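I have placed the structure first, in the form of structure tokens, so that the comments after it can refer back to it.
Residue numbers (the working numbering): 1161 to 1660.
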């Protein structure tokens, strides 16, 4: 195939989708390019890559379409060509969303491909009515059923094979039945694509000693995809509306008056009511045991399950409460250390807009909503920041005034002695276990293989040798050869000769 042709009018196919859907498709196809290009020549691979990159252009711009003429011999585009696969992988250079161990998984699954969508129960029908054209992203196939958005059209049971036939100027797509990946396989591919950073370093002098004050901090990116974020944000907006209309418990929804810039953000608390400062009744900061708030919503419990399964939070610290912060432009959170009535670690998930979080043992207020700190960490959309160790207990943290609307959900586990009087554990959050990573899967497979080998019965030459050595003595009536049966007679004859 040759390079890009001249720009032409907008592809009619793309007019059926909005900008967000096109961006999601581009993200997914970029991640899967090494698999889609398996068996193609280098030129074909480059053409597909260019087409995928063209999806990132704005919808009102012209879409460049490559001319469909392959310069390589058609035999080189065989699906069995391993050389071309290697070339395509070498020429693919996009590290924005690394899939980690994805290549090994793709090699093992070979011809298997991912089904285009999965259908599941919607969490709330009103959210679907507000966005009837929203379709499930291909990148979200491993999400929990309750987190998925139901597919509008169910005609995608098989994938389209774009490698079969091409006509001049138009690609002819031939649908072929494909073997779909299992739910566990799809989830593992997404789990392998999470990007994790755990080596933050910021040295400060604490009590005369040099200490890494951000030790224990972790950032996990791509935990929640764009489609999942949209679903979660939509649900939070519904909860906010319910709170304004008095449909939530009084201490669940709080919207204090803004008396200065950065003060008075809206909060939603589930599982427990946390008192940030001494209230009018004289209650000190901490968990209010006598106050009742709404329990964790089901969607939030689905998120917690993912955080544990995907190795973001340990199974020994499953959250049982959360607080939702809804920031308007200019809102902030002043420097603080989270109350120790919540055990470590805890985490914060970010939505709608990216911002920085500042850390330091001595954060300073520079003005309304402005702070000075020694270490800043950007919080990308859909990412999860985990706070533990020095990062949670030595360094203070704060959120400077956000440039645009932002939503965060902080999941925490209460100290068992500090839980509200009427607290009841969530049954579906008990006994959660993380997915096995590659090393654990390898050890488990080897152990299972060794057990099968040890239980395999001896046969062939080894079995005959064992029987000859008398190993197979479990038979209560062993058989002897004729030579063996003559043994006792020979011994008696030998004894009689000695008597002479």
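Yeah, the Cβ is synthetic: ideal placement off N, Cα and C, and Gly gets one too.
Small disclaimer: the values here were computed from a predicted structure and weren't measured.
Straight-line gap, residue 1496 to residue 1558 (C-alpha atoms, nearest Å): 7 Å
Spatial neighbours of residue 1503 within its chain, please: CB distance less than 7 Å, with the 5 preceding and 5 following residues excluded, ordered by chain position. 1477, 1573 and 1575
What residue from 1480, 1390 and 1585 has the CA that sits closest to residue 1181's CA? 1390
Applying the 10 Å Cβ sphere with the 16-neighbour rule, what's the burial state of residue 1493? buried
Going by other Cβ atoms of all chains shown within 10 Å of its Cβ, with 16 needed for buried, is residue 1517 buried or exposed? buried
Taking residue 1532 as part of the alpha helix (DSSP H), name the residues at either end of that continuous run. It is not in any alpha helix (DSSP H) - residue 1532 instead sits in the beta strand (DSSP E) that spans 1530-1532.
Expressed to the nearest angstrom, what Euclidean distance is found between the alpha-carbon atoms of residue 1177 and residue 1387? 14 Å
Just tell me which of 1569, 1361 and 1596 has its CA closest to the CA of residue 1395. 1569
Look up residue 1177 in the DSSP assignment and say whether it is helix, strand or coil. coil
What is the residue span of the alpha helix (DSSP H) that residue 1389 lies within? 1386-1404
Distance cutoff 8 Å, beta carbons only. Does residue 1515 sit that close to anything in chain C? You won't find chain C in this structure, because it holds only one protein chain.
Could you check where the alpha helix (DSSP H) with residue 1480 kicks off and where it finishes? It is not in any alpha helix (DSSP H) - residue 1480 carries neither H nor E in the DSSP assignment.
Just to confirm, are residue 1453 and residue 1412 a CB contact at a threshold of 8 Å? yes
Rounded to the nearest angstrom, what separates residue 1240 and residue 1595 at their Cα positions? A caution first: residue 1240 carries a pLDDT of 39, below 50, which makes its placement in the model too unreliable to give a value.
Give every residue of the same chain whose Cβ lies closer than 6 Å to the Cβ of residue 1302, excluding the five residues on either side of it in the sequence, and list them in chain order. Because residue 1302 sits at a pLDDT of 43, beneath the cut-off of 50, its placement in the model cannot be relied upon, and the following sentence gives the value as read from the coordinates. Cβ within range, chain order: 1346, 1347 and 1350.
According to DSSP, residues forming a beta bridge with residue 1527: 1530
Report the three-state DSSP secondary structure of residue 1187 (helix, strand or coil). helix
Between 1359, 1593 and 1597, which lies nearest to residue 1549 when the distance is taken from Cα to Cα? 1359
Endpoints, the alpha helix (DSSP H) within which residue 1202 is located: 1202-1214
State the DSSP-derived secondary structure class of residue 1535, mapped to helix, strand or coil. strand
Output the boundary residues of the alpha helix (DSSP H) element that contains residue 1553. 1549-1553
Measuring straight from C-alpha to C-alpha, what distance separates residue 1592 and residue 1499? 25 Å
What is the rounded straight-line gap between the Cα of residue 1522 and the Cα of residue 1447? 26 Å
Using 8 Å as the cut-off, can you tell me whether the region 1575-1584 makes contact with the region 1536-1555, which would need three or more C-beta pairs spanning the two stretches below that distance? no
Let me know the secondary structure DSSP gives residue 1475 once reduced to three states. helix
How far does the beta strand (DSSP E) with residue 1568 in it reach, from first residue to last? 1566-1574
Are the Cβ atoms of residue 1519 and residue 1373 separated by less than 8 Å? yes
Beta-carbon spacing of residue 1554, residue 1380 below 8 Å: no
Alpha carbons only, please: which of 1354, 1487, 1456 and 1213 is nearest the one belonging to residue 1479? 1456
Within 10 Å of its beta-carbon, does residue 1525 have 16 or more other beta-carbons around it, so buried, or fewer, so exposed? exposed
Starting from residue 1345, trace the alpha helix (DSSP H) both ways and give me its first and last residue. 1343-1352
Please work out which residues of its chain come closer than 8 Å, Cβ to Cβ, to residue 1363, disregarding the five sequence neighbours upstream and downstream, and give them in chain order. 1370, 1371, 1372 and 1373
Using C-beta distances below 6 Å, list every residue in its chain close to residue 1509, excluding the 5 sequence neighbours before and after it, in chain order. 1544 and 1569
C-alpha distance - residue 1482 paired with residue 1341, whole-angstrom precision: 34 Å
Terminal residues of the continuous beta strand (DSSP E) containing residue 1357? 1355-1357
Cα-Cα separation, residue 1556 to residue 1459: 30 Å
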